[in-house]
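A short worksheet on the structure shown next.
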Amino acid sequence: MKIMIKDESLPPTRVPVRKGDEASLAKLMAENGLTHSVSESRRLIGQRAVKLNGEIVDDISTILQASQLPAQIQVGMRNPQTIQNMGSTSS
């Protein structure tokens, strides 16, 4: 399974995630260009500047399960970004 953050202003980025896997929200944000680093992601989450599916996230250890996709992430005042299940990967 892959996740993709969809934004019209950014090129699509795909992160491989196998079925049953999980990903740290902070790491996912950094890997997909929503923040410059995992540290910045954690800082923003701690400042309550991140929304997941419209709800404020304040736990820096938030984990997304592949089964929770699609999901929407909003960082600060930026437009919400959608994370989608992109199907299985071939290894």
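Just so we're on the same page, my numbering is the position in the sequence shown counted from 1, plus 101.
Using N, Cα and C, we set each Cβ at its ideal position, and we do this for glycine too.
According to the DSSP assignment, serine 142 belongs to the alpha helix (DSSP H) that extends over 139 to 147. Pairing threonine 183 with proline 171 gives a Cβ-Cβ distance under 8 Å. With fewer than 16 neighbouring CB atoms inside 10 Å of its own CB, asparagine 154 falls in the exposed class. The shortest CA-to-CA distance from alanine 124 to any of Ala167, Gly134 and Met178 is the one to Ala167. CA-to-CA, the gap between glutamine 169 and leucine 126 works out to about 12 Å.
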